[in-house]
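Here the structure comes first, spelled out in structure tokens, and everything after it is commentary.
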Amino acid sequence: SLPGARERPRDAAMGAAVSALNNVGYSTQKQVVIKSWSLSLLYYSILAVVFAYVVGFTLVVKKGYQATVPAVGSVALKVKGIASRANSAGDVQLWDASDLTIYDATSVFVATNIMRTEQARGTCLGMNEDEACELKTNSGCEEGFFSRSGRQTGRCVAPSDVGVDENTGEEGEEVEDNSDTDTKNATSKGGRCQVTGWCPAEPEDDIAEPLENVGNFTIFLRTDVRFPGMRDKHGRTFDVTNANGTVPTPGWNLFTLDEILQMGDVEYDDIALSGADIQMTIYYDCDLDQELEACQPRVPFEVIRIDTADSELSHGYNTRWLSAVSGDLPVAPDVTYEKNPDTRALVKAVGPRIRVQITGQGRRFDLEQTTTVVGAGVALMGIATVVVDVLLLYVLPRRTQYFGLKYTVYGSDEGECAGEAEQPRRSESEEPLLA
């Protein structure tokens with residue numbers, strides 16, 4: 001190849017480098033005074049709006065001079081009350097809160113309706129819908145298969161025609177057409193699968209007889225809230241409780257079940273037979289620059305129903321527990337008990353489960369936070385200059401003249417003016433830039 005051909009790529013690269021260096025420049029600030037009352041009004045109006053936002057809204061309303069930390073807390077619950085319900089004989093049975101409540105770390109369950117089944121180990125008929133079988137063919141039952149009521153024996157047995165009173169356990173008259181739906185479905189198929197387990201099996205249908213006076217049960221809430229990272233002048237972490245030197249006070253730390261449900265627009269009658277899963281949030285927003293006694297939760301609390309009220313798949317709330325039993329074995333048809341069997345009373349209860357959580361924040365003056373907010377506000381005031389410059393450079397009729405006054409470009413040779421036509425000095429008598 002020719003020597004000149006090798007030199008051409010090198011010259012092109014050097015030319016590109018020189019061109020790039022010529023386009024690199026240093027910009028200095030240049031102040032141009034535009035004597036226009038309209039632009040001045042616009043500029044200072046924007047400054048006033050930004051100043052009002054930073055001082056009035058950010059610092060005063062939103063308390064931007066304070067640092068914040070999330071609240072960390074715990075809650076203790078205590079339920080008291082007496083409920084009643086009449087049995088089939090007309091006798092009134094009583095339950096207290098200890099019979100009807102279940103506690104855990106952050107929630108409490110209060111029963112509004114209970115179904116009690118006294119049981120002993122033995123052999124009986126399954127009560128669940130999928131334990132129905134065909135009597136003639138003995139199909140639908142599998143020996144050793146675990147169904148809802150127990151372990152199947154493989155036999156399909158016809159239900160007895162003798163009913164049993166659910167409260168007294170005594171034998172009654174023949175079963176009429178108004179027997180429960182699942183029993184009639186099973187009978188239409190011929191029978192039920194026999195199972196070994198706890199007998200008699202728990203009925204599939206619930207008793208629609210809610211307890212009375214549960215809505216008036218009182219719930220005491222003792223809250224304890226801390227704000228980690230924030231300490232008082234003695235170096236102690238701020239600790240707030242609603243039990244300091246107080247007694248149970250209605251509307252402050254003592255509420256009825258009805259009052260809590262009404263905070264979430266939940267009616268007691270709507271959940272008495274099905275139960276509900278309730279979330280209650282206690283929110284603290286505490287200004288720790290003030291007296292600690294001013295730190296109080298926001299009332300009414302935020303209460304929402306979190307179960308799917310309109311769904312049959314996950315509707316309401318229920319639970320089960322074991323209770324004391326009488327000395328005699330439960331009387332029921334189609335049941336064979338073991339010798340000296342274990343006994344128990346299985347209680348199925350429905351009602352609201354109230355989950356309680358504490359959230360919120362603590363606020364206190366912080367110099368670093370204040371400096372950050374003020375600095376951001378000062379920077380935000382630059383919006384006024386940007387808006388006015390955009391109008392002068394791109395909108396107003398004499399934008400070309402203002403561009404020439406605002407920007408002066410010098411070439412690579414010091415003092416050499418490039419790209420700008422020399423403009424004569426304007427005297428005081430000349431027409432102003434903006435009329």
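Residues in the sequence shown are numbered from 1 upward in steps of one, following this note's numbering.
Note that beta-carbon positions come from the ideal geometry of N, C-alpha and C, so glycine has one too.
Short of 8 Å from the beta carbon of Asp289, and not among the five residues preceding or following it, lie these beta carbons of its own chain, in chain order: Gln66, Arg363, Arg364 and Phe365. Rounded to the nearest whole angstrom, the C-alpha separation of Ser38 and Met230 is 50 Å. With 16 or more other CB atoms across the displayed protein chains lying within 10 angstroms of its CB, Ser149 is buried.
Phe220 sits in a strand when the DSSP states are folded into three classes. Secondary structure at Glu302: strand, using DSSP grouped into helix, strand and coil. Rounded to the nearest angstrom, the gap between the Cα atoms of Asp389 and Pro397 is 13 Å. Take the alpha-carbon of Ile271 and the one of Asn113: they are about 10 Å apart.
Between the alpha carbons of Ala71 and Thr359 lies a distance of about 6 Å. Apart from sequence neighbours up to five positions away, the residues of its chain that approach Lys136 with a beta-carbon distance below 8 Å are Gly190, ordered along the chain. Contact annotation: Val347 and Arg121 have beta-carbon atoms that are not nearer than 8 Å. Secondary structure at Asp130: helix, using DSSP grouped into helix, strand and coil.
If only complete runs of 4 or more residues are kept, the stretch 70 to 151 shows the alpha helix (DSSP H) at 97 to 100, in order along the chain. In this structure, the straight-line span from the alpha carbon of Gly81 to that of Pro248 is close to 15 Å. Beta bridge pairing from DSSP links Trp198 with Arg121.
Sorting Asn138, Ala89 and Pro352 by C-alpha distance to the C-alpha of Ile102 places Pro352 at the top. Of all C-beta pairs linking the stretch 376 to 386 to the stretch 47 to 57, three or more are shorter than 8 Å, placing the two stretches in contact. Taking C-alpha positions only, Val378 is separated from Arg298 by approximately 35 Å.
According to the DSSP secondary-structure assignment, Ala48 is paired through a beta bridge with no residue.
A contact is defined here as three or more CB-CB pairs under 8 Å, and the stretch 262 to 276 meets this definition with respect to the stretch 197 to 213. By the Cβ test, the stretch 250 to 268 is in contact with the stretch 300 to 309, since at least three Cβ pairs between them sit closer than 8 Å. Following the DSSP letters along the chain, one finds Val395 in no beta strand (DSSP E), marked with neither H nor E. Comparing C-alpha distances from Thr343 to each of Gln361, Cys199 and Arg320 shows the shortest one belongs to Cys199.
Bounds of the alpha helix (DSSP H) holding Leu261 are Leu257 to Met263. In the same chain as Tyr283, and ignoring 5 residues on each side of it, the C-beta atoms closer than 6 Å to its own belong to Arg298, Thr359 and Gly360, in chain order. Between the stretch 122 to 134 and the stretch 334 to 342, the count of Cβ pairs shorter than 8 Å is three or higher; the stretches touch.
Check the Cα spacing between Val356 and each of Ile219, Leu211 and Ser45: the tightest is with Ile219.
Residue state for Val347 is assigned as strand, using DSSP reduced to three classes. Assigned with DSSP and collapsed to three states, Trp252 falls in coil, not helix or strand.
The beta carbon of Leu59 is closer than 6 Å to those of Tyr65 in its chain, skipping five residues each way along the sequence.
In the DSSP annotation of this structure, the continuous segment of the beta strand (DSSP E) that includes Gln357 starts and ends at Pro352 to Phe365.
Close CB contacts of Val325 within its chain, under the 7 Å cut and outside five residues either way in sequence, are with Glu118, Thr343, Arg344 and Ala345 (chain order). Ile271 carries a helical assignment under DSSP once its states are collapsed to helix, strand and coil. The DSSP-derived three-state label of Thr58 is helix. The C-alpha of Gly140 lies about 16 Å from the C-alpha of Thr196. With fewer than 16 other beta carbons inside 10 angstroms of its own, Gln296 counts as exposed. In the three-state reduction of the DSSP assignment, Met14 falls in the helix class, which pools H, G and I.
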